[in-house]
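Same order as they appear, the protein sequences are chains A and B. Going by our numbering, the first sequence opens with residue 0, and the numbers climb by one from there. Going by our numbering, the second sequence opens with residue 0, and the numbers climb by one from there.
There are 2 protein chains.
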Amino acid sequence: MSEGVEWALHGVLNLAWIGPDRPVTAARLAAYHELPAPYFNKQLQALARAGIVTSTSGPRGGFRLARPLTQVTLMDVVAAIEGPEEAFRCAEIRQQGPGAGSPDGYQKPCAFAHAMARAELAWRRELARQTLDDVREQAERQAPGAPERIRRWFLNG
Amino acid sequence: MSEGVEWALHGVLNLAWIGPDRPVTAARLAAYHELPAPYFNKQLQALARAGIVTSTSGPRGGFRLARPLTQVTLMDVVAAIEGPEEAFRCAEIRQQGPGAGSPDGYQKPCAFAHAMARAELAWRRELARQTLDDVREQAERQAPGAPERIRRWFLNG
DNA sequence: GCCATCTTACTCGGATATGATATGTCCGAGTCGAATCGG
DNA sequence: CCGATTCGACTCGGACATATCATATCCGAGTAAGATGGC
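Encoded structure:
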């Protein structure tokens with residue numbers, strides 16, 4: 000899985016902790032974790048296309064959260080970065096080669112594809128079940144001082 | 000996900016249909032689906048290392064099934080090809096950068112990593128729940144003539 | 001003092017290089033079968 | 001005719017190129033703030 004997913008997740012959580020008062024630039028958001036700024040910008044664009052964050056141009060511009068964390072699931076972020084297509088894509092090799100047989104035997108989807116899709120559905124379902132607010136809550140429980148420290152760093156620096 | 004997973008799945012299923020009488024060479028197994036033989040050989044080696052198939056060298060050599068399909072899960076095959084490591088590997092970027100904070104706040108694992116691991120566990124659980132025999136059964140229901148046709152092609156050709 | 005206008009600098013957005021990983025290929029070590037030679 | 005031995009060819013196994021995608025970067029279009037001049 001793309002490493003950008005982790006970046007995007009932390010980025011969105013940071014945006015939530017900072018608050019909706021002012022937009023935050025991609026460069027500043029990247030600097031906080033020492034990420035390559037131009038590339039992280041790309042992930043933010045993907046999040047903007049997905050409607051998770053909103054972007055404003057010009058001076059004092061930047062990104063801000065589009066909706067509360069309770070309405071952003073892990074699935075939303077993963078889909079925004081990785082794309083909506085399934086991880087296991089059946090190439091239908093069973094239809095290739097000398098033993099292919101008659102085409103009318105392949106009306107139903109490949110049984111393997113079906114089985115893999117079932118597993119992937121379980122994965123997606125679990126991702127969709129957890130919102131970023133759940134994660135925020137657990138993170139704050141582990142490190143109570145983090146939100147205030149982050150908020151201060153972004154507003155003062 | 001690697002395309003080789005699909006190849007390996009179909010390869011194992013074909014081995015089961017052919018039967019344990021004689022080993023089948025990688026080249027012949029690849030030809031059936033018009034796959035690049037040397038590369039498919041690589042996947043079979045991975046399956047052999049995982050103990051799913053057994054390999055015998057020399058003339059009349061080849062691969063054969065190591066244990067019945069009822070004891071081979073989708074998870075086994077995926078792990079054999081893709082490797083055992085998790086798809087989402089947390090790089091702990093929260094510990095990088097100016098706002099890292101004191102290290103003792105990071106004793107617990109990253110909340111995101113935990114959430115993602117939970118989803119991935121659901122995926123693995125579903126993969127482990129389904130054996131290749133389940134898939135075989137469904138495939139035979141869709142195309143009843145397939146096993147006999149495949150068996151004949153491999154034994155006669 | 002207030003408003004409209006213009007300038008200016010700052011931001012995102014997408015087009016453009018680079019590196020790592022998955023894909024594809026090749027040749028050598030090992031091994032079993034068969035032919036051969038001797039008894 | 002039977003058995004041991006040698007030869008040979010066939011198979012897997014791992015080391016070696018290549019293609020594709022993720023990673024990283026850059027520069028231009030757009031925009032809102034702020035300065036400026038006029039009323």
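Cβ atoms here follow ideal geometry from the backbone N, Cα and C, with glycine treated the same way. Model, not experiment: these values are computed from the prediction.
- [ ] Express the C-alpha separation of B:W6 and B:D20 in angstroms, rounding to a whole number.
- [x] 22 angstroms
Task: Contact set between B:L73 and chain A, taken where Cβ atoms lie within less than 9 angstroms - done: Those are F111, A114, M115 and A118, listed as they occur along chain A.
TODO: Note down, in chain order, each residue of its chain lying with its Cβ closer than 8 angstroms to the Cβ of B:Y105, except the 5 sequence neighbours on either side.
DONE: E91, R93 and Q94
Task: beta strand (DSSP E) segment containing A:R63, residue limits - done: G61 to L64
Task: Cβ contact (3+ pairs, closer than 8 angstroms) linking the region 124–143 of chain B and the region 57–74 of chain B - done: yes
- [ ] Answer with yes or no whether the minimum CB distance from A:V4 to chain B is below 8 angstroms.
- [x] yes
Task: Nearest-angstrom beta carbon gap, B:E81 and B:M0 [assumed within contact, 8 angstroms] - done: Going by Cβ atoms, the distance from B:M0 to B:E81 rounds to 7 angstroms, so yes, they are a contact pair.
Open item on the list: For a cutoff of 8 angstroms on Cβ pairs, would you count A:F39 as touching chain B?
Closed with: no
TODO: List the whole-angstrom C-beta distance separating B:A47 from B:T53, where the pair is believed to meet the contact cut-off of C-beta under 8 angstroms.
DONE: 7 angstroms
Task: Cα-Cα separation between B:A112 and A:A78, rounded to whole angstroms - done: 17 angstroms
Task: Best match in A:L8, A:L120 and A:R63 for proximity to A:G18 [C-alpha to C-alpha] - done: A:R63
- [ ] Determine the contact status of B:F153 and B:R27, defining contact as a CB-CB distance below 8 angstroms.
- [x] yes
- [ ] Tell me whether the beta-carbon of A:I51 lies closer than 8 angstroms to the beta-carbon of A:A29.
- [x] no
TODO: Specify the secondary structure class of B:V134 as computed by DSSP and reduced to three states.
DONE: helix
Open item on the list: Assuming contact is defined by CB atoms lying nearer than 8 angstroms, are B:V76 and B:V4 in contact in what I supplied?
Closed with: yes
TODO: Could you spell out where the beta strand (DSSP E) holding B:V76 opens and where it closes?
DONE: B:V76 -> not in any beta strand (DSSP E); alpha helix (DSSP H) instead, spanning L73 to E81.
Task: When B:E119, B:A138 and B:A99 are compared against B:M74, the one with the closest alpha-carbon - done: B:E119
Task: Closer than 7 angstroms at the beta carbon, the chain A residues around B:I51 - done: Simply none; closest approach about 15 angstroms.
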